[in-house]
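Step one of this worksheet: look at the structure below.
In this note's numbering, the protein residues as written are 770 to 1012.
In structure tokens form, the structure reads like this:
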């Protein structure tokens, strides 16, 4: 086994190294990376079959690193080790996991024994090991009645990026009415249908559009890392339209 660990926090990195050395007796090589970009450099320089990734790192996020690794070597086993259970991260991972990939997701708050089991499960038994709390978020996000569909999620992204209805329609290649219909479905899922919004003497309490942004961020459906990536995609799309 050749293991690569990417973690930007010095104490967490040392803890991971200690647990990995004590748990994975089959390990032949262990390399540590301080951030996402260094992890890519190390992976490209040697033949690793197993990787532990923090999700929030400088220069490249864990999701971006995993996407790059799996694009080059889909059979790589990856364990995500994070403080976060936000839907934005979990949805991001779900989008990039190869069909037959073995991966895991464990929280940093989990006891050392649970981390050991996750390392053994993913890298030795080759089984997917997902933290119970993370699994719950996955299930809610995948529930067609409770979670956002990919179309509704795309509408939320465009809304958070500040696009007008006409720009949303153009970007998603649908009619204006189609874009507005997607927004209405999004509002319903978020509890922002007109009938759900409290009304006072001032009129409706919320503006559905801006309230949706607040809910997306406070509920972890979107976060800063996800929005930075979406901003990059939007710039590419805008430049293409203007060329």
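The beta carbon of each residue, even a glycine, is placed where N, CA and C say it ideally should be.
Measure the Cβ-Cβ separation of residue i and residue j and say whether it is below 7 Å.
i	j	result
residue 929	residue 876	no
residue 773	residue 820	yes
residue 890	residue 896	yes
residue 855	residue 910	no
residue 938	residue 945	yes
residue 903	residue 951	no
residue 917	residue 958	yes
residue 818	residue 771	yes
residue 804	residue 777	yes
residue 843	residue 880	no
residue 792	residue 888	yes
residue 871	residue 841	no
Short of 6 Å in beta carbon distance, which residues of its chain neighbour residue i, apart from the five on each side in sequence? Order them along the chain.
i	result
residue 802	775, 808 and 811
residue 800	773 and 811
Counting C-beta neighbours from all protein chains within 10 Å, is the total for residue i 16 or more, i.e. buried, or is it exposed?
i	result
residue 907	buried
residue 831	buried
residue 900	buried
Looking at C-alpha atoms only, which residue of the options is the closest neighbour of residue i?
i	options	result
residue 827	841, 806 and 953	806
residue 873	886, 880 and 881	886
residue 960	949, 941, 975 and 892	975
residue 789	883, 815 and 841	883
residue 893	780, 794, 1009 and 997	794
residue 859	868, 849 and 867	849
residue 979	964, 796, 932 and 1000	932
residue 797	862, 815, 825 and 943	815
Would you say the beta carbon of residue i comes nearer than 6 Å to a heavy atom of the ligand SAM?
i	result
residue 948	The model on display carries no ligand, and the ligand SAM is accordingly not part of it.
Using a Cβ-Cβ cut-off of 7 Å (strictly less than) and excluding sequence neighbours within five positions of residue i, which residues of its own chain qualify?
i	result
residue 948	934, 937, 938 and 941
residue 956	962, 977 and 981
In its own chain, which residues sit with a C-beta less than 8 Å from the C-beta of residue i, not counting the 5 before and 5 after it?
i	result
residue 865	832, 835, 836 and 839
residue 1009	none
Does the pairing of the stretch 966-985 with the stretch 920-937 give three or more beta-carbon distances under 8 Å?
Because the criterion of three Cβ pairs below 8 Å is met, the stretch 966-985 and the stretch 920-937 touch.
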